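Student: Starting off with a structure, shown below.
Chains as they are written, first to last, in our numbering: chain A, 1 to 428; chain B, 1 to 178.
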């Protein structure tokens with residue numbers, strides 16, 4: 001193809017690829033809690049001992065994580081500093097209302113790296129529940145705090161914590177689009193892609209090393225797979241017509257995609273390098289938004305083959321299609337949870353688009369929000385929280401909602417609209 | 001560089017100032033074209049993107065590139081049939097030209113489902129063009145879904161402007177709008 005002289009290009013497409021580690025985000029994602037759980041566990045995090053600056057960062061991170069989860073009530077430690085070996089006055093802490101207490105310290109080890117040590121105590125049983133040491137670099141103190149918060153969360157709730165996970169999302173600001181990755185608490189945002197054209201449908205590979213997404217930089221929707229560490233990316237589907245809605249198979253080797261190359265939008269499967277396209281659906285309508293079940297045996301998808309957009313399930317090889325949603329005339333964007341028990345989706349009720357969750361065993365549906373424009377749900381890997389994009393006061397923001405609807409957090413950026421969230425997997 | 005297939009009567013005719021400069025010392029008046037009461041017309045030639053002016057001059061029907069759709073509708077309305085026919089006629093007469101048809105929806109609902117609905121609109125326009133003689137490889141239909149609204153508003157008037165298919169042209173030498 002003949003190269004068009006740069007000066008003659010009417011619409012210049014500028015696409016910058018930046019290394020994840022090296023980029024500072026221009027805008028910070030801020031998180032506010034707007035709803036909490038019913039029976040929060042009261043827990044006290046004592047000030048950790050040792051290196052004061054490091055201890056401050058780690059302790060603050062632990063407290064913010066537990067508070068934000070909506071499952072804990074932070075009990076004021078009253079300025080008390082306690083390391084992991086200190087004698088604990090259990091009666092005293094019980095008296096302050098704490099069911100659990102964490103104590104710890106930060107110190108530089110022999111090899112110069114910072115070591116975060118802690119113990120978690122049950123004030124009722126008057127015993128230690130456990131503890132650990134995390135070795136970390138100086139710029140990874142928040143990561144150590146997140147690991148400790150995960151440990152506390154898991155010990156006290158029985159579920160895995162997601163404080164050490166990351167989220168991806170798209171920011172639209174001043175005519176530019178940025179695909180960003182941040183920690184689950186919104187901190188440490190870095191830009192993976194900047195473009196003058198829209199980016200939609202980012203999805204994490206199961207091992208967390210890559211994102212697949214749809215970019216409009218070529219004036220049409222094209223699917224890319226993008227390696228986060230290197231910034232390298234390749235086109236995975238650019239057939240004639242539109243290419244969209246990528247979804248990773250649980251083994252990370254293939255992507256279910258939607259192509260219009262053979263007529264209407266249908267679901268196909270392709271290898272992660274773009275080879276080996278195979279068609280999976282055969283309907284006269286629109287089939288889109290495929291998502292694999294966690295065991296890889298089924299694919300949930302949106303289809304209007306029955307006259308209105310509803311959610312269906314088929315086998316991963318394409319047969320045995322069953323309808324899943326029956327209430328209302330518009331149910332889209334199916335997202336199965338990792339534990340296989342729930343399906344999040346978007347339901348339009350009375351013209352309002354709202355986050356819904358179906359219990360797959362009972363088929364009961366619960367509407368979790370009272371909003372108007374919810375879209376693009378994404379389950380946390382512990383199956384407890386769902387991230388959605390929504391609109392508040394005319395601005396695009398993200399909202400994290402617990403699967404029972406009680407806990408709510410809002411994530412927003414001062415100077416832009418946030419949309420298209422994707423919650424990353426547990427660290428491998 | 002490949003020859004552009006421009007209809008014969010649209011060869012570059014530019015009416016402008018080309019008088020020989022007069023030596024001022026001779027005292028004769030300098031002939032000036034400005035304010036002479038004649039409006040300059042540029043016929044033919046290429047615009048800054050390398051497309052024939054027939055495709056971009058507001059006076060030409062071919063500069064009209066948008067076909068609008070009613071809510072939940074995906075067929076070309078009668079009022080746009082003549083416009084589509086004009087574009088088909090151009091493509092039949094200029095076999096080296098290609099078009100990209102981008103289908104769009106209003107903002108309501110799932111982005112990916114809207115991408116597919118926009119595709120139905122661009123497919124409808126493509127079907128009309130090929131039925132009227134455009135070649136299959138001259139026309140690609142794609143969708144932008146709700147992602148590139150013409151009108152960023154959130155009311156019925158804005159939504160009506162966004163339910164549309166746009167036609168983009170590319171000349172045989174690869175220059176153009178996509």
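Note that the Cβ used here is the ideal one computed from N, Cα and C, for glycine as well.
All of these numbers come straight from a predicted model, not from anything done at the bench.
(1) Can you pull the chain B residues whose beta carbon is under 9 Å from the beta carbon of residue 353 of chain A, in chain order?
(2) Using beta carbons (cut-off 9 Å, strictly below), is residue 57 of chain B in contact with chain A?
(3) Jot down the residue ranges of each uninterrupted beta strand (DSSP E) in the stretch 245-308 of chain A, minimum 3 residues, whole runs only, in chain order.
(4) Mind listing the chain B neighbours of residue 336 of chain A? Cutoff is C-beta to C-beta under 8 Å, in chain order.
(5) Please report whether the beta-carbon of residue 379 of chain A lies at a distance below 9 Å from any beta-carbon of chain B.
(6) For the beta strand (DSSP E) that contains residue 103 of chain B, what are its first and last residues?
(7) Can a CB atom of chain B be found closer than 9 Å to the CB of residue 420 of chain A?
(8) Relative to the C-alpha of residue 62 of chain A, which residue among A:194, A:45, A:398 and A:427 is closest?
(9) Report the rounded CA-to-CA distance for residue 248 of chain A versus residue 376 of chain A, giving the unit in angstroms.
(10) Roughly how many whole angstroms lie between the Cα atoms of residue 95 of chain B and residue 56 of chain B?
(11) Using a Cβ-Cβ cut-off of less than 9 Å, give me the residues of the stretch 211-233 of chain A that come near chain B, in sequence order.
(12) For a contact defined as C-beta to C-beta under 7 Å, what are the partners of residue 147 of chain B on chain A?
(13) Determine the DSSP secondary structure at residue 191 of chain A, reduced to helix, strand or coil.
(14) If you compare alpha carbons, which of B:69, B:172 and B:141 is closest to residue 221 of chain A?
(15) Only counting runs of 4 or more residues, tell me where the alpha helix (DSSP H) segments fall wholly within the stretch 195-231 of chain A, in order along the chain.
(16) For residue 286 of chain A, decide whether its Cβ has a neighbour in chain B, counting only Cβ atoms nearer than 9 Å.
(17) Three Cβ pairs or more, each shorter than 8 Å: is that satisfied between the stretch 82-98 of chain A and the stretch 160-176 of chain A?
(18) Indicate whether residue 104 of chain B and residue 148 of chain B have their beta-carbon atoms separated by less than 9 Å.
(19) Taking 9 Å as the threshold (beta carbon to beta carbon), is residue 155 of chain B in contact with chain A?
(20) Chain B partners of residue 289 of chain A, CB-CB under 8 Å?
(21) When burial is assigned at 16 or more other CB atoms within 10 Å of the CB, is residue 138 of chain A buried or exposed?
(22) Rounded to whole angstroms, what's the CA-CA distance from residue 325 of chain A to residue 116 of chain B? Just pull it up for me.
(23) Looking at the structure shown, is residue 116 of chain B part of a helix, part of a strand, or coil, going by DSSP?
(24) Leaving out the 5 sequence neighbours to the left and right, which residues in its chain are closer than 7 Å to residue 320 of chain A when beta-carbon positions are compared?
(25) What is the rounded straight-line gap between the Cα of residue 175 of chain B and the Cα of residue 219 of chain A?
(26) Could you tell me the alpha carbon to alpha carbon distance between residue 284 of chain A and residue 74 of chain B, rounded to whole angstroms?
(27) With distances taken from CA atoms, which of A:238, A:143, A:208 and A:236 is nearest residue 251 of chain A?
(28) Please list, in chain order, all residues of the same chain as residue 136 of chain B whose beta carbon is under 8 Å from its beta carbon, the five residues on each side excluded.
Tutor: Walking through what the data contain:
(1) Taking the first chain and counting its residues from 1, the one referred to as residue 353 of chain A is at position 353. Neighbours of residue 353 of chain A on chain B, chain order: 108, 109 and 110.
(2) What you label residue 57 of chain B is simply residue 57 of the second chain in a count that begins at 1. No, no contact with chain A.
(3) List check, beta strand (DSSP E) in window: 254-259, 266-271, 287-292 and 298-303.
(4) Start at 1 with the first residue of the first chain, and residue 336 of chain A comes out as number 336. Proximity of chain B to residue 336 of chain A at the Cβ level (cut-off 8 Å) is not reached, the minimal Cβ distance being about 16 Å.
(5) Counted from its first residue, the first chain places residue 379 of chain A at position 379. Residue 379 of chain A does not count as touching chain B.
(6) Position 103 of the second chain, counted from the first residue, corresponds to residue 103 of chain B. Boundaries of the beta strand (DSSP E) around residue 103 of chain B: 98-104.
(7) Counting from one through the first chain, the residue named residue 420 of chain A turns up at place 420. Yes - at least one Cβ of chain B is within 9 Å of the one on residue 420 of chain A.
(8) Taking the first chain and counting its residues from 1, the one referred to as residue 62 of chain A is at position 62. Checking every option, the nearest Cα to that of residue 62 of chain A belongs to A:45.
(9) Here residue 248 of chain A refers to the residue found at position 248 when the first chain is read from its first residue. Here residue 376 of chain A refers to the residue found at position 376 when the first chain is read from its first residue. Rounded to the nearest angstrom, the two C-alpha atoms are 16 Å apart.
(10) Counting from 1 along the second chain, the entry for residue 95 of chain B is found at position 95. Counting from 1 along the second chain, the entry for residue 56 of chain B is found at position 56. Straight-line Cα distance between these residues: approximately 18 Å.
(11) Listed in sequence order: 214, 216, 218, 219, 220 and 221.
(12) Position 147 of the second chain holds residue 147 of chain B. Here the neighbours are 198, 200 and 216.
(13) Here the question's residue 191 of chain A lines up with position 191 in the first chain. It is a strand residue.
(14) Position 221 of the first chain, counted from the start, is the residue given in the question as residue 221 of chain A. In terms of CA proximity to residue 221 of chain A, B:141 leads the group B:69, B:172 and B:141.
(15) DSSP assignment within the stretch 195-231 of chain A yields no whole alpha helix (DSSP H) run of 4 residues or more.
(16) To locate residue 286 of chain A, count along the first chain from 1; it is residue 286. Taking Cβ atoms only, chain B reaches closer than 9 Å to residue 286 of chain A, which makes this a yes.
(17) Touching, no, given that fewer than three Cβ pairs across the two stretches are closer than 8 Å.
(18) By 1-based counting over the second chain, the position of residue 104 of chain B is 104. By 1-based counting over the second chain, the position of residue 148 of chain B is 148. In this structure, residue 148 of chain B lies closer than 9 Å to residue 104 of chain B by Cβ.
(19) Residue numbering aside, residue 155 of chain B sits at position 155 when the second chain is read from its first letter. For residue 155 of chain B, the answer is no, since every Cβ of chain A falls outside 9 Å of its Cβ.
(20) Here residue 289 of chain A refers to the residue found at position 289 of the first chain. Neighbourhood of residue 289 of chain A in chain B, by CB distance below 8 Å: 110, 112 and 113, in chain order.
(21) As a first step, residue 138 of chain A must be located in the first chain, where it is residue number 138. Per the 10 Å Cβ criterion, exposed.
(22) The count along the first chain starts at 1 and reaches residue 325 of chain A at position 325. The count along the second chain starts at 1 and reaches residue 116 of chain B at position 116. Spanning the two alpha carbons is a distance of roughly 20 Å.
(23) By 1-based counting over the second chain, the position of residue 116 of chain B is 116. It is helical.
(24) Within the first chain, the letter at position 320 stands for residue 320 of chain A. Here the set comprises 314.
(25) Here residue 175 of chain B corresponds to residue number 175 of the second chain, with the count starting at 1. Here residue 219 of chain A corresponds to residue number 219 of the first chain, with the count starting at 1. Residue 175 of chain B and residue 219 of chain A have their C-alpha atoms spaced approximately 14 Å apart.
(26) In the first chain, counting from the first residue as 1, residue 284 of chain A sits at position 284. In the second chain, counting from the first residue as 1, residue 74 of chain B sits at position 74. C-alpha separation (whole angstroms): 14 Å.
(27) Indexing the first chain from 1 puts residue 251 of chain A at position 251. Answer by Cα proximity: A:208.
(28) Within the second chain, residue 136 of chain B is the residue found at index 136, counting from 1. Excluding sequence neighbours, residue 136 of chain B sits near 130.
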